[in-house]
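Position 293, counted from 1, in the sequence shown is what my numbering calls 302; the numbers after and before it change by one each time, with no gaps.
Following: one structure in structure tokens, then a few remarks.
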Amino acid sequence: MLRNAHPGFYADYRTCLGRLILNCDSVKCAILACCASNRYMLDRDPSLREVSLRYYTQAVRQVNRVLTTSDWACESPSDHLLTTVIFLYINALWGPDLEHDASKHVAGAMHLLKLRYSSNNASSSLSMTRPFDRITAESVLYQAFLLSMRRPFAVDFQIDHHFLASTEHILESPTFQDASSAANSPVLGVPLPLYRLILDVIQLCNSPSGVDAQTSSQLKREMKYWETVAIEVDDDCRISQSPASTPCPSPPHQHPHPHPEALALYALAGSLLLDWMVDLPELQRNVDISSPQYGRISSLGVSQSRPPKTASSYTSFDSPTASPPAPPPLSTRSWQLSRALEILHRPTTHETWTRSFLGWWPLLIFGYVVTDDDDIEQIKSLLRCMRRRIGYGVVERVLYELEAVWQSRRTADDHQMSLVKPTNFEMG
Numbered sequence: 010m011l012r013n014a015h016p017g018f019y020a021d022y023r024t025c026l027g028r029l030i031l032n033c034d035s036v037k038c039a040i041l042a043c044c045a046s047n048r049y050m051l052d053r054d055p056s057l058r059e060v061s062l063r064y065y066t067q068a069v070r071q072v073n074r075v076l077t078t079s080d081w082a083c084e085s086p087s088d089h090l091l092t093t094v095i096f097l098y099i100n101a102l103w104g105p106d107l108e109h110d111a112s113k114h115v116a117g118a119m120h121l122l123k124l125r126y127s128s129n130n131a132s133s134s135l136s137m138t139r140p141f142d143r144i145t146a147e148s149v150l151y152q153a154f155l156l157s158m159r160r161p162f163a164v165d166f167q168i169d170h171h172f173l174a175s176t177e178h179i180l181e182s183p184t185f186q187d188a189s190s191a192a193n194s195p196v197l198g199v200p201l202p203l204y205r206l207i208l209d210v211i212q213l214c215n216s217p218s219g220v221d222a223q224t225s226s227q228l229k230r231e232m233k234y235w236e237t238v239a240i241e242v243d244d245d246c247r248i249s250q251s252p253a254s255t256p257c258p259s260p261p262h263q264h265p266h267p268h269p270e271a272l273a274l275y276a277l278a279g280s281l282l283l284d285w286m287v288d289l290p291e292l293q294r295n296v297d298i299s300s301p302q303y304g305r306i307s308s309l310g311v312s313q314s315r316p317p318k319t320a321s322s323y324t325s326f327d328s329p330t331a332s333p334p335a336p337p338p339l340s341t342r343s344w345q346l347s348r349a350l351e352i353l354h355r356p357t358t359h360e361t362w363t364r365s366f367l368g369w370w371p372l373l374i375f376g377y378v379v380t381d382d383d384d385i386e387q388i389k390s391l392l393r394c395m396r397r398r399i400g401y402g403v404v405e406r407v408l409y410e411l412e413a414v415w416q417s418r419r420t421a422d423d424h425q426m427s428l429v430k431p432t433n434f435e436m437g
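Spelled out as structure tokens, the structure:
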């Protein structure tokens, strides 16, 4: 959960989760798998990796047993089942070995929530009105968004639109009436309409019919609003952080934007991505996309075919799988990138951003764009610090991917330089 969420979320979640751990082995195993996996990411103790996989396997078996014996026409998914599946995808995303399992677990969690939404059982244990329920819904929604946004130029996960619409409807009502809408969002951290807009931008590029002028114009109008909001929020944040400013006496969870860096950086990354998507056909016409820097690249910078996703395949940091196609670089430095790097350079932003699970996606987009060595080093330093502080496996995989992109582009640039290097002729 985000640190500035309403305190009531923490209290209710701790109570509910403690009860589930005591009464359900699958929840206990899934949480122990997450704990061991995260400790491995922080300490690199091989025994913790083995412990995590053992508990993970036990939890998966127990989930499969419940799924095969349940009659969803007569019953609704329990808190035990949903919570187990949630911690299974958390383990897959945060740990070193199970990245390809994450999409299966998130898709399963979406389906289970859809079953709960449509259930006629109105008992308090299966309602969606508790703080615990909002955390559950936002967690699944957040991970579905992030998997859909993980590979913006080669999407390999589709969010369930019925689940999205139903969850949006449920999240319209605040859990705590006395708190702001932002404080009522314990996981998302960024306004839901902005997530949806970014998803629409990515779908525009991946549409079989290509970039539609009318659609791109509509998206640009919507993005213009978020650009304005991002700049205003960041200006307020910068003023409040200046030494001459007067501290605000209101509690953090009452602030209308308790995560101004997240709002600003997601909006800037989304705006940059939209400009990129619209310009991408022109960029592709002007570059040789068969060169190494635009091929499918592994963490070693070698062009590869992407391996098929199977239930048994998993990603290891010792042998990372291939990345999606690296996009052509932009010809000029964008204003969005300049503003984002300015935000990320501030000490207060560095401190909060490198301790937040929200941080990796904007850094992925900015990392695709940077070409200057100093900018590359700034992005690399942020990702390394983030991985070291919170032990987030996705962050390390993103860093591997970006390093491959940067190395491939350097190789391509060196190759181009060798082609244009003048030949020295000896004078007779």
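Note that CB positions come from ideal geometry on N, CA and C, so glycine has one too.
Quantities reported herein were computed from a predicted structural model and do not represent experimental measurements.
- Exposed or buried, what is Gly198 when buried is set at 16 or more other beta-carbons lying within 10 Å of its beta-carbon? buried
- Task: Go ahead and label Ala222 buried or exposed: buried means 16 or more other beta carbons lie within 10 angstroms of its beta carbon, across all protein chains shown.
- Result: exposed
- Taking Ile385 as part of the alpha helix (DSSP H), name the residues at either end of that continuous run. Asp382 to Ile399
- Could you give the uninterrupted runs of the alpha helix (DSSP H) lying entirely in the region 173-218, keeping only those of 4 residues or more? Counting only runs of 4 or more residues that sit fully inside the region 173-218, the alpha helix (DSSP H) segments are 201-214, in chain order.
- Item | 8 angstroms contact criterion, which Cys391 and Leu346 should meet: CB distance rounded | One point to set straight first is that residue 391 is Leu, not Cys, in the sequence displayed. In fact, because the Cβ distance is near 14 angstroms, the residues do not count as touching under 8 angstroms.
- Please report how far the alpha carbon of Ala45 lies from the alpha carbon of Ser218, in whole angstroms. 45 angstroms
- Message: Can you tell me where the alpha helix (DSSP H) holding Glu84 begins and where it ends?
- Response: No alpha helix (DSSP H) contains Glu84, which DSSP labels as neither H nor E.
- Message: Tell me the rounded alpha-carbon separation between Leu228 and Ala239.
- Response: Counting only the Cα atoms, Ala239 lies some 16 angstroms from Leu228.
- Close-in-space but distant-in-sequence residues of the same chain around Pro269 (CB under 8 angstroms, 5 per side omitted): Val242, Asp243, Asp245 and Cys246
- Nearest residue (CA-CA) to Met232, options Val220, Asn215, Ser216 and Leu203: Leu203
- Outcome for Asp423 when other beta-carbon atoms lying within 10 angstroms are tallied against a minimum of 16: Exposed, since its Cβ has fewer than 16 Cβ neighbours within 10 Å.
- Which word fits Glu236, buried or exposed, when buried means at least 16 other C-beta atoms lie within 10 angstroms of its C-beta? buried
- With distances taken between CB atoms, is the gap from Ala188 to Asn100 smaller than 8 angstroms? no
- Which term fits Met426, buried or exposed, when burial requires 16 or more other beta carbons within 10 angstroms of its beta carbon? exposed
- Determine the closest residue to Tyr72 out of Thr93, Asp288, Tyr98 and Phe18, with distance taken between C-alpha atoms. Tyr is not the amino acid found at residue 72; the sequence shown has Val there. The shortest C-alpha separation from Val72 is found at Thr93.
- Give the secondary structure of Gly17 by DSSP, where H, G and I count as helix, E and B as strand, and everything else as coil. helix
- Please state whether DSSP places Asp88 in a helix, a strand or coil. helix
- Item | Within 8 angstroms, strictly: CB atoms of Ile211 and Val164 | yes
- Task: Consult DSSP for Met232 and reduce its assignment to one of helix, strand or coil.
- Result: Note: Met232 maps to helix in three-state DSSP.
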